[in-house]
Ligand code: UN1
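Numbering (full-length UniProt numbering), first residue to last: 8 to 519.
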């Protein structure tokens, strides 16, 4: 399968069908469902799907509970073998999956390949992890006793994912959760159902070919916020991971908290880079342009604020205006395109409203105009906007999911760090500097308050090996690599007495 010119010319609906058939999967879309599936590439309708009902969602949770009871008994390295097989299917069908990612969310084919690569990478990570779910052994104060930690599967895991990373973020949670012995349910964004259906189909194939995998080990639930709310409310869902808006996260989190359940939240970002006088200008131009305009500013990690030292501000703004102007915005299936459309026309309205507010707050907007409106009247192609702001006004404190970069000045590094930290969100951040003291300060406890703090790279494009997530309104959750697996398991502390005596802890005496 290859998305060559001939395939692209046949249009998104044909391309979507061809991608599914190349993977040997049934085309999941029908004609008469209630949920319309569109592609942002040209705004056209690809088909429809039927959303879950409250009853079918309930049944899915029940099925997941019984799948969990079987899966938790399968040794972890064997669970890892299932993930290895799924990862290999993603390798085999990388091109077709990438095409569906592009059709779903409008990111360029090259970025879509990067996203599918993240899925493959987390599978590799999870396979290794399947032999490393180890706990501590701890010194005990009592003679002839042993104290240790054991880690056990948690239960039913549910993942609510967003349109902008329609498969990678699901895989970060679900591959780890399955490796840890949980059963999984996936509620993908109703705006990105093609790639979600394909990934679920490939995982179902891996499960069907794997005798130890129980039925319903992984289930995909198509639907809107009501399905997500039902998952959040059900006490049989032991852990829920949600990626998306702060508004959605607040609602999931309060519902889960009310039943004392567990959640992992990855919500809004409002990511800044500090540009110091010593920064390597070439790195700055490339790093800032990719993070701000790449994926049309629709990553949680997209760069939205630039905090520039006053001595280099004017020159850098001029250079960035030129760099933004040279970017090719167009059909994301075509080679050589840097950025595709926004997800839909309402997203374009929000983009325009943010620029209007920025102007009203004293901003000077460069770029930001609509592009390709005649060719694609139902799609939202936009020139990335660079906005010079007098200060961090209210609009600068707000995450707008689109290519807007607000530029402000600073005088000293402490002021720049305070500006970085002044917004309600705390996902990603960066400093560009060749000054070791500035770099170390930024990554120290006195520096950036974000979950990701980078030096001399942009705010976006994290690798799967690290823990991904952020502080404050970003929700505090961590997913992907490092030791995030601990959130997907329950920890037991075991104290084992191998003596014939019964010494009590803390020297307590209780002689009957
Ligand atoms: C997201 O936008 O929700 O770090 C995830 C990055 C990507 C993942 C972004 N690896 O930009």
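Every residue gets a Cβ at the ideal spot worked out from N, C-alpha and C, and that includes glycine.
Report, in whole angstroms, the separation of the C-beta atoms of residue i and residue j, which I expect to be a contact under 8 Å.
{"i": "residue 325", "j": "residue 354", "result": "29 Å between Cβ atoms; not a contact."}
{"i": "residue 46", "j": "residue 110", "result": "5 Å"}
{"i": "residue 308", "j": "residue 486", "result": "Residue 308 to residue 486, Cβ: 13 Å. No contact."}
{"i": "residue 436", "j": "residue 455", "result": "4 Å"}
{"i": "residue 105", "j": "residue 120", "result": "5 Å"}
{"i": "residue 228", "j": "residue 194", "result": "5 Å"}
{"i": "residue 484", "j": "residue 271", "result": "4 Å"}
{"i": "residue 190", "j": "residue 66", "result": "No, residue 190 and residue 66 are not in contact; Cβ-Cβ is about 14 Å, not under 8 Å."}
{"i": "residue 423", "j": "residue 148", "result": "So it is not a contact: roughly 49 Å between Cβ atoms."}
{"i": "residue 200", "j": "residue 225", "result": "16 Å between Cβ atoms; not a contact."}
{"i": "residue 478", "j": "residue 458", "result": "6 Å"}
{"i": "residue 441", "j": "residue 285", "result": "4 Å"}
{"i": "residue 279", "j": "residue 439", "result": "The pair is not a contact, with the Cβ atoms about 11 Å apart (cut-off 8 Å)."}
{"i": "residue 330", "j": "residue 411", "result": "Going by Cβ atoms, the distance from residue 330 to residue 411 rounds to 15 Å, so no, they are not a contact pair."}
{"i": "residue 389", "j": "residue 370", "result": "Wrong, their Cβ atoms sit about 17 Å apart, outside the cutoff."}
{"i": "residue 96", "j": "residue 209", "result": "4 Å"}
Could you have a look at residue i and say whether DSSP puts it in helix, strand or coil?
{"i": "residue 159", "result": "strand"}
{"i": "residue 272", "result": "strand"}
{"i": "residue 417", "result": "strand"}
{"i": "residue 336", "result": "strand"}
{"i": "residue 154", "result": "strand"}
{"i": "residue 102", "result": "helix"}
{"i": "residue 310", "result": "strand"}
{"i": "residue 388", "result": "strand"}
{"i": "residue 39", "result": "coil"}
{"i": "residue 439", "result": "strand"}
{"i": "residue 409", "result": "coil"}
{"i": "residue 487", "result": "strand"}
{"i": "residue 67", "result": "helix"}
{"i": "residue 129", "result": "helix"}
{"i": "residue 52", "result": "strand"}
{"i": "residue 223", "result": "coil"}
{"i": "residue 502", "result": "strand"}
{"i": "residue 524", "result": "This structure leaves residue 524 out entirely; the chain is present only between 8 and 519."}
{"i": "residue 497", "result": "strand"}
{"i": "residue 346", "result": "strand"}
{"i": "residue 331", "result": "helix"}
{"i": "residue 393", "result": "strand"}
{"i": "residue 404", "result": "helix"}
{"i": "residue 469", "result": "coil"}
{"i": "residue 4", "result": "Nothing about residue 4 can be reported from this structure: the residues present for the chain run from 8 to 519 only."}
{"i": "residue 171", "result": "coil"}
Taking its Cβ as the centre, do 16 or more other Cβ atoms sit within 10 Å of residue i, making it buried, or is it exposed?
{"i": "residue 495", "result": "buried"}
{"i": "residue 461", "result": "buried"}
{"i": "residue 505", "result": "exposed"}
{"i": "residue 503", "result": "exposed"}
{"i": "residue 443", "result": "exposed"}
{"i": "residue 27", "result": "buried"}
{"i": "residue 234", "result": "buried"}
{"i": "residue 382", "result": "exposed"}
{"i": "residue 139", "result": "exposed"}
{"i": "residue 246", "result": "buried"}
{"i": "residue 287", "result": "exposed"}
{"i": "residue 250", "result": "buried"}
{"i": "residue 289", "result": "exposed"}
{"i": "residue 36", "result": "buried"}
{"i": "residue 322", "result": "exposed"}
{"i": "residue 76", "result": "exposed"}
{"i": "residue 2", "result": "The structure shown has nothing for residue 2, since the chain only spans 8 to 519."}
{"i": "residue 261", "result": "exposed"}
{"i": "residue 491", "result": "buried"}
{"i": "residue 173", "result": "buried"}
{"i": "residue 164", "result": "buried"}
{"i": "residue 107", "result": "buried"}
{"i": "residue 432", "result": "buried"}
Using a threshold of 8 Å, is the CB atom of residue i nearer than that to any non-hydrogen atom of ligand 1?
{"i": "residue 176", "result": "yes"}
Where the beta carbon is closer than 5 Å to any heavy atom of ligand 1, which residues qualify, in chain order? 172, 306, 307, 308, 467, 468 and 469
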